[in-house]
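Visitor: Numbering (our numbering), first residue to last: 30 to 267.
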């Protein structure tokens, strides 16, 4: 019986992603973002429960990836698509009558590259401890909470700014940049753990100050901290 618990939790992740998509289609982007963060919680719990119960199966790994494509690929893409569709109609009518009217549809590069990212992760033996490329949940949280952050950061209401962010972050999914995993093997304050503590502490502080608007800032900070950390390590090894 216990071997089914992790897979059940994974399915809850998938359900949350589906609800997020439906909520986006109804225009409630803030609620859709909250369903994605709920999916992220279940995504953490399925792996945690599998380790705790000491159960794992090939189907669990595949089910996890399929769920993540929906919750962290399709769902955030839908949020940004609806958001940019609103911004798009504020552009001059020239854009609506040209080939550029199809530009919002390029956002579905996000689920496509998320699928590639997850397939690589399943096969890439280099990613047991850390990540290569931006993790799909991080990308999803960055994109999904743009509507929240736009209340505090006016330029996130600009079509071109958000579109560029979305495409760049989609490409980061399949990049070769080294990203630190936030999973602790020990709680010692040394090495990469120092970076993990910095990222988590920063994330908590930003959430206390900015609430839900903090997620894009936190993910951007996570990306920059990882880039700086690995640049320092590379420089020291020269």
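Using N, Cα and C, we set each Cβ at its ideal position, and we do this for glycine too.
By DSSP, does residue 208 sit in helix, in strand, or in coil?
Guide: Three-state DSSP puts residue 208 in a strand.
Visitor: Buried or exposed, going by whether 16 or more other CB atoms sit within 10 Å of the CB of residue 86?
Guide: So residue 86 counts as exposed.
Visitor: Who are the near neighbours of residue 94 in its chain, counting only those whose CB is closer than 8 angstroms to its CB and skipping five residues on each side?
Guide: Taken in chain order, the residues that qualify are 147, 148, 150 and 151.
Visitor: Taking its Cβ as the centre, do 16 or more other Cβ atoms sit within 10 Å of residue 230, making it buried, or is it exposed?
Guide: Classification of residue 230: exposed, given that the 10 Å Cβ count is below 16.
Visitor: Whole angstroms is fine: what's the gap from residue 192's alpha carbon to residue 135's?
Guide: Rounded to whole angstroms, residue 192 to residue 135 spans 9 angstroms at the Cα level.
Visitor: With 16 other CB atoms within 10 Å as the buried threshold, where does residue 266 fall?
Guide: It is exposed - the Cβ of residue 266 has fewer than 16 other Cβ atoms within 10 Å.
Visitor: According to the neighbour-count rule (16 or more other Cβ atoms, all chains shown, within 10 Å of its Cβ), is residue 96 buried or exposed?
Guide: So residue 96 counts as buried.
Visitor: Based on Cα-Cα distance, which residue from 114, 100, 66 and 145 lies nearest to residue 131?
Guide: Comparing Cα-Cα distances from residue 131 to each of 114, 100, 66 and 145, the minimum goes to 114.
Visitor: Report yes if the C-beta of residue 184 is less than 8 angstroms from at least one heavy atom of the ligand COA; otherwise report no.
Guide: As presented, the structure is devoid of all ligands, the ligand COA included, so that no description of it is given.
Visitor: Taking the CB atoms as reference points, tell me whether residue 163 and residue 201 lie closer together than 9 angstroms.
Guide: For residue 163 and residue 201, yes; Cβs fall inside 9 angstroms.
Visitor: Between which residues of its own chain and residue 216 is the CB-CB distance below 8 angstroms, once the five residues before and five after are set aside?
Guide: Only 222 meet the Cβ criterion.
Visitor: Would you call the stretch 171 to 190 and the stretch 72 to 87 touching, i.e. three or more CB-CB distances under 8 angstroms?
Guide: No, the stretch 171 to 190 does not touch the stretch 72 to 87.
Visitor: Nearest CA to the CA of residue 117: which residue from 108, 52 and 133?
Guide: Taking only the C-alpha atoms, the option nearest residue 117 is 133.
Visitor: Since residue 239 contacts residue 155 with CB under 8 angstroms, what's their CB separation in whole angstroms?
Guide: Rounded, the Cβ-Cβ distance is 34 angstroms, inconsistent with contact.
Visitor: Measuring alpha carbon to alpha carbon, tell me which residue in 186, 178, 195 and 184 is nearest residue 169.
Guide: Comparing Cα positions, the closest option is 195.
Visitor: Which residue comes first and which comes last in the alpha helix (DSSP H) that contains residue 112?
Guide: 104 to 117 is the extent of the alpha helix (DSSP H) around residue 112.
Visitor: Rounded to the nearest angstrom, how far is the Cβ of residue 103 from that of residue 50, given a contact under 8 angstroms?
Guide: Between residue 50 and residue 103 the Cβ distance is about 6 angstroms, and since that is below 8 angstroms, they are a contact.
Visitor: Return the chain-ordered list of same chain residues with a C-beta closer than 8 angstroms to the C-beta of residue 84, the five sequence neighbours on each side being excluded.
Guide: Around residue 84: 31, 32, 34 and 35.
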